[in-house]
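Chemist:
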Amino acid sequence: MRLCLSAAVAGGKLSSLMSKFAGGRGSSLPGVVARRIYPHALRELSTQGKKGIIMVTGTNGKTTTNNMLAKVIEADGHRVIYNEEGANLITGVTACFVRYSTLTGKVEFDYASLEVDEASFPKVVKEVQPNIVVVTNFFRDQLDRYGELDKTVQVVRDSLKELKDVTLVLNADDPLVAQLGVTTGHNAVYYGIAQQQGMERAVAQTRESRFCPQCGAELQYKYYHYSQLGDYSCESCDFKRPRPDVEGSEINITEGTYIAEVCHSGECSSLNLHTTGFYNLYNGLAAFAVGRILDIDLTTIQEGLKMYSPGIGRMERFRYNEKPCFLNLVKNPTGYNEGLATLLSLPGTKDVFMALNDNAADGRDISWIWDVDFEILAKHQQELEHFICSGTRAEEIALRLKYAGVPTTKINIIRELGDAIPAVLQGEGETVYFFSTYTALWPSQRILGSLAEKEGQHAVGMSSVS
Amino acid sequence: MLSVCHLYPDLLNLYGDRGNVIAFLQRCRWRGIPVDLQEVNMGDNINFSQIDFLFLGGGSDREQNLMAADLGKHRDKLAQAIDDGLVVLSICGGYQLLGQYYRTLDGKEIPGLGILDHYTEAGEKRLIGNVAIEMELDGRKVKATGFENHGGKTILKDDVKPLGKVLSGYGNNGEDGYEGARYKNVFCSYLHGPLLPKNQELTDYLIKQALKRRGMEEKLTAIDDSVEQSANERMLKRLIKGA
Ligand SMILES: [Zn+2]
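So the sequence lines, in the order shown, correspond to chains A and B.
When we follow the numbering used here, the leftmost residue of the first sequence carries the number 155, and every step to the right adds one.
When we follow the numbering used here, the leftmost residue of the second sequence carries the number 33, and every step to the right adds one.
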C-alpha cells in the first residue's frame, strides 16, 4: 500500500514540476496524476492529520474564509495545510495533500482547512471525513441556470446527512444555508450580522430564494443585508433565522481596514480585518466561529484575523504612484453588487476598470451583468471619473453601463487588457478600482503588478494605523 | 404616456431578461417620451387596457409553474388584449407558455395558455450557445444576436410566423432554421443576452408599434447607437464569416 501511495505522491510532484517548467500554474494537476496512479491517495493522505479536517463550501467567500481560518489556526501554533485558490475540486484537494507530503507518502499536519466546490462536495466527503463544515451562502452563479441552485443545495444537504460526528458552521442570515441545521440533524453553530443602520448598498434585485425551504411559503423579511441574506421568518411554519451564536455588527471602514464588533456567548470584542467589503465580515465571522469551536482564545483569533491579507482578486491592493488600486474578482450578480457597494464606500474620486470575458470558466452567457445593479453608479456620477471596459465582451459591459444611465462620455472601450490597464491607471481619479471576471483576472493581475506596486501585509497594517 | 408592464419581476428576475424592460424604458426616456413601469407580481390584478408594452420572461421549473398558475387566471383578458394589438415581448419560458402545450420526455402534455399556435417538446439535449438571426422589420432586414439556453424544442403552426431566420446557433428547435415567433404585435424569442439592448432596431420597432396603437406620433428621433452596434457587430463577426 505504502508503495502505491509513494508512487502516487512522486508522480504528482513530478507532474507539478514539469508543468511549472512548461509555464503552467498546475495547481490541480498533481492531484489528477496522483489519483490516476493510486485512487486511494487522498483517503490515505488525509487521515494522517493529528487534530482535524475543516471544509468550507458555498457559492461566495470560500477562498477568503478558508484563508482567514488558516491564519487563525496558525496563530494558535498549529500546523495547518490548505488548498490553493480555486483548486477546490477533488483533484485540487488531492493536490493539496500531495504538495505537503514527503516522497514516502507521509504528511505532517494538525489541521487541514479545505475549500471545496459545492458540486464536488459529495465526492470529496466520500474520501475525506470532515470534523467541521462551514457553509457560507448559496447564490446563483452565472454558470448554473434553471433550477441548478436548488439542486446544488440538495446535493450538499444530502451528503451532509451521510456524515457522522460533524459540526456545521452555518450562515444564519441565508435561509438556504441555515436550514441545513435542522434538515441534517447535525450540531450547528450559526453566525450572522445584526441589523445595520444607514448603510447604502446596491438595491438587491437578485434574490435567490424568497421561499421557505421547509414548506415553500413566501418568507417575510424584517430587513435585508444583500440578496436573500437578512432576518427572515416563515408565516406558515416555524422556520426562521436562527439566533446567531456569533453575531457581528459593522462599525467602521477606514482605508483598507474593516473594524467590526463581534459578540459570542455574551462577550463582545472588536475584530480588525485587513480588507473591505461587507461580505468579508461574514467570512471573518465564520473563521471566528470555527476558532471558538476549536477552543482558540479570543486574542489569538483576533491576532490571526489581523494576519490575513487578501489573495489575488479578493480586494487585492496595489499602489500606482500615490494612487491606491483595488482588484476585485467578480463571478455573479451578488458579488458584483457587493463590489459596487465597496467601490462607492471608498473616499474620493475613482476610475473604474471592468473586464468581462466569456470563456467557459467565466460563463459563456454574459446576460447576468443585467442582473447587477449598475444603476447605482449613475447616482454617484460626480465621484466617478471614467469607466474603461475591456475583455472579450468589452462592448457588452459598456452597453450595460449606458443603459444604467452612466453618460457615454465617461465610458471607453479598450478591448486589450494590456492597453486598457495603463489607460485606467493614468486617469484623473484618486483611486482605481478593477473589476474582472475569472479568466481576465490572472492577466490583469500580472499587468497591474508590472505597472503598480503590490501592497503587502505590512503596508496594509501601516495604513490602518494612520 | 406609455405604460410598460413587467410580469413577475420578483419571480423571474435572474436571467438578465429585465434588461429588455430597461432598454424599452431608456430608449423612450432618451427621446422624451413619457413612460412608466408597473411591476406585476403573483396575485396582483392586471388591467391590460392600460398597458402598452408587456414583458414576460422565463424562470426555473418551480418559478415557471407558479407563473403559469397565476397567469392562467388572466388568460382570457390577455388573449383579448393581444387580439387588440397589445405589444408583447416574451422570452424563453414565457414564449413556451404562450403556446399550446409543452410535452415532456415521458410524453406528458402540460397545457400552455394557448394564445399562440405553437407547441414545445422536451429535447434530449439542451440547446445552448450564442445565436445570430436575421429578421425583417418594416421591410428591412436586420441582424440580431443573443444567447440561447433551452431544453424545449418549439414548433410553429400555420398562423404563427417566426421572428427570424437562424444564421448561427439552434433557434426554435435546431432543425427548421427558424427562431422565435411573431403574431400580431407579439414577439417571442429564445434569445437572452438580453435581446433588446444590443438589438436596438427591434426595441425601436416595439416602441413604434406601441405609439401607433395609442394613436401617438410614431416617428422616433435618432439616438447615437454606436455602443449597441459595436456589441452586436462583435458577436456577428465571431459567429458569421465575412460579417
Ligand atoms: Zn415555512
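The C-beta atom is built at its ideal place from N, Cα and C for all residues, glycine as well.
Taking 6 Å as the limit, tell me which residues put their C-beta closer than that to any heavy atom of ligand 1, in chain order.
Modeler: With the cut-off at 6 Å, the residues found are A:Cys366, A:Gln368, A:Cys369, A:Ala371, A:Cys388, A:Ser390, A:Cys391 and A:Phe393.
Chemist: Of all Cβ atoms in chain A, is any one closer than 8 Å to the Cβ of B:Tyr134?
Modeler: No, because no Cβ of chain A sits closer than 8 Å to the Cβ of B:Tyr134.
Chemist: Determine whether the Cβ of A:Tyr386 lies closer than 8 Å to any Cβ atom of chain B.
Modeler: Cβ-Cβ to chain B under 8 Å: no for A:Tyr386.
Chemist: Classify A:Tyr300 as buried or exposed, calling it buried when 16 or more other Cβ atoms lie within 10 Å of its own Cβ.
Modeler: The pLDDT assigned to A:Tyr300 is 49, lower than 50, so where the model puts this residue is not dependable; a value taken from the coordinates is nonetheless given after this. Answer is buried; the Cβ neighbour count reaches 16.
Chemist: Using a threshold of 8 Å, state whether the C-beta atoms of B:Gly212 and B:Leu195 are closer than that.
Modeler: Yes.
Chemist: Quick one: any contact between the stretch 417-432 of chain A and the stretch 447-459 of chain A, if contact means 3 or more CB pairs under 8 Å?
Modeler: Yes, since at least three Cβ pairs between the stretch 417-432 of chain A and the stretch 447-459 of chain A fall closer than 8 Å, the two stretches touch.
Chemist: Check each candidate in A:Pro464, A:Tyr386 and A:Pro184 and name the one with the smallest Cα separation from A:Leu330.
Modeler: Considering only alpha carbons, the answer is A:Tyr386.
Chemist: Given that a residue counts as buried once 16 or more other Cβ atoms are within 10 Å of its Cβ, and exposed if not, what is A:Asn513?
Modeler: It counts as exposed.
Chemist: Are there 16 or more other CB atoms within 10 angstroms of the CB of A:Gln308, so buried, or fewer, so exposed?
Modeler: So A:Gln308 counts as exposed.
Chemist: Under 8 Å: do the stretch 494-505 of chain A and the stretch 593-604 of chain A share three or more Cβ pairs, one atom per stretch?
Modeler: Segments in contact, no.
Chemist: What residues match up with B:Ser221 in a beta bridge as DSSP calls it?
Modeler: B:Ile123, per the DSSP bridge assignment.
Chemist: Please go through the same chain and pick out, in chain order, the residues whose beta-carbon is closer than 7 Å to the beta-carbon of A:Glu609, but skip the five residues on each side of it.
Modeler: Taken in chain order, the residues that qualify are Arg471, Phe472 and Arg473.
Chemist: Among B:Pro229, B:Val259, B:Phe219 and B:Glu260, which residue has its Cα nearest to the Cα of B:Ile123?
Modeler: Comparing Cα positions, the closest option is B:Phe219.
Chemist: Quick one, which residues of the stretch 54-72 of chain B are near chain A if we go by CB-CB under 7 Å, in chain order?
Modeler: Within the stretch 54-72 of chain B, the qualifying residues are Ile54, Ala55 and Gln58.
Chemist: With respect to the alpha helix (DSSP H) encompassing B:Pro66, which residues constitute its N-terminal and C-terminal limits?
Modeler: No alpha helix (DSSP H) contains B:Pro66, which DSSP labels as neither H nor E.
Chemist: What span of residues does the beta strand (DSSP E) with A:Gly346 cover, start to end?
Modeler: Segment Asn341 to Ile347, the beta strand (DSSP E) holding A:Gly346.
Chemist: Would you decide whether B:Asn204 is buried or exposed? Buried here means 16 or more other CB atoms lie within 10 Å of its CB.
Modeler: Looking at its Cβ environment, which holds 16 or more other Cβ atoms inside 10 Å, B:Asn204 is buried.
Chemist: Chain B beta carbons: is any one of them nearer than 8 Å to that of A:Ile523?
Modeler: At least one chain B Cβ lies under 8 Å of A:Ile523.
Chemist: Any beta carbon of chain B sitting closer than 8 Å to that of A:Ala124?
Modeler: Look at the range of chain A in this structure, 155 to 620, and you will see that residue 124 of chain A is not part of it.
Chemist: Check the C-beta distance from A:Tyr344 over to A:Asp399 and give it rounded, since I have them as a contact under 8 Å.
Modeler: That belief holds up - the Cβ atoms of A:Tyr344 and A:Asp399 are roughly 5 Å apart, short of 8 Å.
Chemist: Check whether the Cβ atoms of A:Met222 and A:Asn437 sit closer than 8 Å, and answer yes or no.
Modeler: In this structure, A:Asn437 lies closer than 8 Å to A:Met222 by Cβ.
Chemist: Only counting the same chain, and skipping five residues up and downstream in sequence, which positions put a Cβ closer than 6 Å to that of B:Glu260?
Modeler: Cβ within range, chain order: Lys230 and Gln232.
Chemist: Give me the Cα-Cα distance between B:Lys175 and B:Leu271, rounded to the nearest whole angstrom.
Modeler: Going by the C-alpha atoms only, they are around 12 Å apart.
Chemist: According to DSSP, is A:Glu609 part of a helix, a strand, or is it coil?
Modeler: In this structure, A:Glu609 counts as coil in the three-state DSSP scheme.
Chemist: May I ask you to report which of helix, strand or coil DSSP gives A:Ala273?
Modeler: A:Ala273 falls in the helix class under three-state DSSP.
Chemist: Determine whether the beta carbon atoms of B:Ala263 and A:Leu553 lie at a separation below 8 Å.
Modeler: It is a contact, given that the beta carbons lie within the stated cut-off.
Chemist: Does any C-beta atom of chain A lie closer than 8 Å to the C-beta of B:Glu233?
Modeler: Chain A, which has no Cβ nearer than 8 Å to the Cβ of B:Glu233, makes this no.
Chemist: Under a Cβ-count criterion, where at least 16 other Cβ atoms within 10 Å of its own Cβ denotes burial, should A:Ile405 be classed as buried or exposed?
Modeler: A:Ile405 is exposed by the Cβ-count criterion.
Chemist: Tell me where the beta strand (DSSP E) around A:Gly458 begins and ends.
Modeler: Where A:Gly458 is concerned, there is no enclosing beta strand (DSSP E), although the alpha helix (DSSP H) it sits in stretches over Leu452 to Met461.
Chemist: Applying the criterion that 16 or more other CB atoms from any shown protein chain within 10 Å of the CB defines a buried residue, is A:His379 buried or exposed?
Modeler: By the 10 Å Cβ count, A:His379 comes out buried.
Chemist: Would you please verify whether the beta carbon of A:Gly165 is less than 8 Å from any beta carbon of chain B?
Modeler: Chain B contact via Cβ: absent.
Chemist: Taking 8 Å as the threshold (beta carbon to beta carbon), is A:Tyr236 in contact with chain B?
Modeler: No - not a single Cβ of chain B is within 8 Å of the one on A:Tyr236.
Chemist: Please classify B:Met33: is it buried, with 16 or more other beta-carbons within 10 angstroms of its beta-carbon, or exposed?
Modeler: B:Met33 comes out exposed.
Chemist: What separation, rounded to the nearest whole angstrom, lies between the Cα atoms of B:Ala111 and A:Val506?
Modeler: Each residue's alpha carbon lies about 47 Å from the other.
Chemist: Starting from A:Phe223, find everything on chain B with Cβ-Cβ shorter than 9 Å and list it in chain order.
Modeler: It is worth fixing the name first, because residue 223 of chain A is Leu in this sequence and not Phe. Those do not exist, as A:Leu223 stays about 31 Å from chain B at its closest Cβ, beyond 9 Å.
Chemist: Using a Cβ-Cβ cut-off of 8 Å (strictly less than) and excluding sequence neighbours within five positions of A:Asn214, which residues of its own chain qualify?
Modeler: The residues are Thr290, Asn291, Phe293, Tyr433, Lys485, Asn486, Thr488 and Gly489.
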